[in-house]
Amino acid sequence: MLPRASATCRRAASAAGRSITNPHSLRTHASVAPVAPPYLYKVVVVGGGTAGMTVSHQLLRTGKFTQDEIAIVDPAEWHHYQPGWTLVGGGLKKKEDLRQPLRKLVGPKLRLFHEQVGSFSPEENQVTLSNGDRLIYEQLVVAPGINVDTSTIKGLPEALADPKSPVSTIFKYETCDKAWRNIQDFKKGTAIFAHPAGAIKCAGAPQKIMWLASDHWQRADLYNYKDPSSSPINISFATGLPVMFGVPKYNATLEELRKERGIEGLFQHDLVEINGDTAVFATPSGERHTKKFDFLHAVPKMGPYTFVKNSALADAAGYVDVDQATLQHKKYPNVWSAGDASSLPTSKTAAAVTAQAPVLVSNMLRSMEGKEVEADYDGYTSCPLLTEYGKVLLAEFKYGGQPKETFGKMFGVDQATPRKAFYYLKKDFFPWVYQNHMVKGRWGGPKGFIR
Ligand code: UQ1
1 MLPRASATCR RAASAAGRSI TNPHSLRTHA SVAPVAPPYL YKVVVVGGGT AGMTVSHQLL
61 RTGKFTQDEI AIVDPAEWHH YQPGWTLVGG GLKKKEDLRQ PLRKLVGPKL RLFHEQVGSF
121 SPEENQVTLS NGDRLIYEQL VVAPGINVDT STIKGLPEAL ADPKSPVSTI FKYETCDKAW
181 RNIQDFKKGT AIFAHPAGAI KCAGAPQKIM WLASDHWQRA DLYNYKDPSS SPINISFATG
241 LPVMFGVPKY NATLEELRKE RGIEGLFQHD LVEINGDTAV FATPSGERHT KKFDFLHAVP
301 KMGPYTFVKN SALADAAGYV DVDQATLQHK KYPNVWSAGD ASSLPTSKTA AAVTAQAPVL
361 VSNMLRSMEG KEVEADYDGY TSCPLLTEYG KVLLAEFKYG GQPKETFGKM FGVDQATPRK
421 AFYYLKKDFF PWVYQNHMVK GRWGGPKGFI R
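Residues 1 to 451 in UniProt numbering are what the sequence shown lists, from first letter to last.
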């Protein structure tokens, strides 16, 4: 089905070097040359995850777009609330409650292409899908997320797939509930919680699951914060990074917690291989260290999807190369990015998308109206760090690791102190507001509801 070619869509087509006035003429053309006809859209959004859905619905809610002028491209059947997977790993939620069929979430005015992207041709304002369909756009939003690749750790895919292995990860839908089963089954021995070197989404999650597990084991009398050496369980946090957390203010609290709770810190230890019950770590100097485990929570390395990395849109690291304050592509002014796939040098979270999406939407509209874009995104991101059952440290910060605390300003509280109120925000309010409002374009994070 071809959408009606609006005037702007026709402009996009002619910008792409074709003089199309009637899209059906391309069908004739297609019968001569074996290429699929292009579909014409004002906006094509690649990705139906947190960033893609939030941006698409916020665009629609501006009232500037009509039926089928915005298309979303995503092959996924399900849309997941990934921040909730830590709660599943901690036994606080059922994973089935944190996903919805993508088709159901996409507003009726949006056109969904349930396909993978094959390639980008930004010079021609065109995206080619893996089925050969071509979408011509006036504006393009690239937000397909980041690839959580279990094969980046040798032996991990096999260990995760074995239901009896003590290896799990909350970073995959398939295994976030295995993490909770393993935590409950674990009664004695060495538990390792790993955090990889390199960029990952939700950089706090690898330790959130550790704080919950250690609390669970303490409540079960298997671990004693005050006397860990006489406990049946011992715990190590093995991280590829030199610190517990990248923001100095929150790192101070978390490092103190680690010591108070008798957890061994293996810094600059990057898990690269699982060999039976042995974890192999690489250090920056190229050494290999090994440690036996009886329980392992692993976190795969993550990186840009190949179709982004290998495209003209990518920076040297493979992320969509956008300006860090305007979210506009550095080379192609009608290309935008938000979320995990973007080059924005901030922590990759859903909270970050609450601040990025309104800037992207506003700047896209300004740009379409011939106005200057505004440098409004300050890098805001947040990490509600579960430190035990019933308490969350609500890290909120911007570029440069500078704290930007919502409730500090409002109520004069220090958010580095774990609190019960933040726990209920994380456990109940955020999942609710996300599923009912954020994906529909009605939630602005710390700024509250939109319009
Ligand atoms: C937020 O808006 C949000 O989205 C629903 C989260 O969920 C993933 C968050 O973790 C955070 C911190 C926010 C920010 C909102 C406030 C009120 C601090």
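Ideal Cβ placement from N, Cα and C applies to all residues, glycine included.
Three-state class that DSSP yields for residue i in the structure shown
{"i": "residue 332", "result": "coil"}
{"i": "residue 41", "result": "strand"}
{"i": "residue 113", "result": "strand"}
{"i": "residue 399", "result": "helix"}
{"i": "residue 381", "result": "strand"}
{"i": "residue 239", "result": "strand"}
{"i": "residue 17", "result": "For residue 17, the predicted model reports a pLDDT of 34, less than 50, meaning its position is unreliable; a value from the coordinates is still stated below. Note: residue 17 maps to coil in three-state DSSP."}
{"i": "residue 449", "result": "strand"}
{"i": "residue 129", "result": "strand"}
{"i": "residue 363", "result": "helix"}
{"i": "residue 256", "result": "helix"}
{"i": "residue 228", "result": "helix"}
{"i": "residue 440", "result": "helix"}
{"i": "residue 433", "result": "helix"}
{"i": "residue 218", "result": "helix"}
{"i": "residue 410", "result": "helix"}
{"i": "residue 303", "result": "strand"}
{"i": "residue 373", "result": "coil"}
{"i": "residue 61", "result": "helix"}
Rounded separation between residue i and residue j - CA only
{"i": "residue 113", "j": "residue 444", "result": "27 Å"}
{"i": "residue 425", "j": "residue 446", "result": "12 Å"}
{"i": "residue 377", "j": "residue 410", "result": "21 Å"}
{"i": "residue 303", "j": "residue 244", "result": "21 Å"}
{"i": "residue 80", "j": "residue 349", "result": "13 Å"}
{"i": "residue 361", "j": "residue 327", "result": "10 Å"}
{"i": "residue 193", "j": "residue 255", "result": "15 Å"}
{"i": "residue 301", "j": "residue 279", "result": "15 Å"}
{"i": "residue 398", "j": "residue 385", "result": "16 Å"}
{"i": "residue 334", "j": "residue 429", "result": "35 Å"}
{"i": "residue 314", "j": "residue 133", "result": "22 Å"}
{"i": "residue 98", "j": "residue 215", "result": "24 Å"}
{"i": "residue 151", "j": "residue 274", "result": "11 Å"}
{"i": "residue 407", "j": "residue 325", "result": "24 Å"}
{"i": "residue 220", "j": "residue 89", "result": "17 Å"}
{"i": "residue 431", "j": "residue 96", "result": "13 Å"}
{"i": "residue 227", "j": "residue 308", "result": "49 Å"}
{"i": "residue 199", "j": "residue 374", "result": "27 Å"}
{"i": "residue 54", "j": "residue 222", "result": "43 Å"}
{"i": "residue 107", "j": "residue 404", "result": "33 Å"}
{"i": "residue 38", "j": "residue 180", "result": "47 Å"}
{"i": "residue 258", "j": "residue 265", "result": "8 Å"}
Proximity of residue i and residue j at Cβ, strictly below 9 Å
{"i": "residue 210", "j": "residue 263", "result": "yes"}
{"i": "residue 239", "j": "residue 206", "result": "yes"}
{"i": "residue 121", "j": "residue 298", "result": "no"}
{"i": "residue 111", "j": "residue 41", "result": "yes"}
{"i": "residue 135", "j": "residue 71", "result": "yes"}
{"i": "residue 453", "j": "residue 272", "result": "No information on residue 453 is available, as it lies outside the stretch 1 to 451 that the chain covers here."}
{"i": "residue 93", "j": "residue 65", "result": "no"}
{"i": "residue 69", "j": "residue 43", "result": "yes"}
{"i": "residue 347", "j": "residue 322", "result": "no"}
{"i": "residue 213", "j": "residue 186", "result": "yes"}
{"i": "residue 295", "j": "residue 288", "result": "no"}
{"i": "residue 118", "j": "residue 49", "result": "no"}
{"i": "residue 161", "j": "residue 51", "result": "no"}
{"i": "residue 396", "j": "residue 357", "result": "no"}
{"i": "residue 268", "j": "residue 248", "result": "no"}
{"i": "residue 83", "j": "residue 115", "result": "no"}
{"i": "residue 172", "j": "residue 148", "result": "yes"}
{"i": "residue 253", "j": "residue 394", "result": "no"}
{"i": "residue 230", "j": "residue 190", "result": "no"}
Cβ-based burial, residue i [other Cβ within 10 Å; buried from 16]
{"i": "residue 436", "result": "exposed"}
{"i": "residue 363", "result": "buried"}
{"i": "residue 421", "result": "exposed"}
{"i": "residue 340", "result": "buried"}
{"i": "residue 306", "result": "exposed"}
{"i": "residue 336", "result": "buried"}
{"i": "residue 270", "result": "buried"}
{"i": "residue 184", "result": "exposed"}
{"i": "residue 201", "result": "buried"}
{"i": "residue 317", "result": "exposed"}
{"i": "residue 449", "result": "exposed"}
{"i": "residue 451", "result": "exposed"}
{"i": "residue 379", "result": "buried"}
{"i": "residue 440", "result": "buried"}
{"i": "residue 453", "result": "Residue numbering for the chain in the displayed model covers 1 to 451; residue 453 lies beyond these limits and cannot be assessed."}
{"i": "residue 24", "result": "Because residue 24 sits at a pLDDT of 35, beneath the cut-off of 50, its placement in the model cannot be relied upon, and the following sentence gives the value as read from the coordinates. Label assigned to residue 24: exposed."}
{"i": "residue 260", "result": "exposed"}
CB contact below 9 Å: residue i versus chain B
{"i": "residue 436", "result": "The structure shown contains no chain B; it is built from a single protein chain."}
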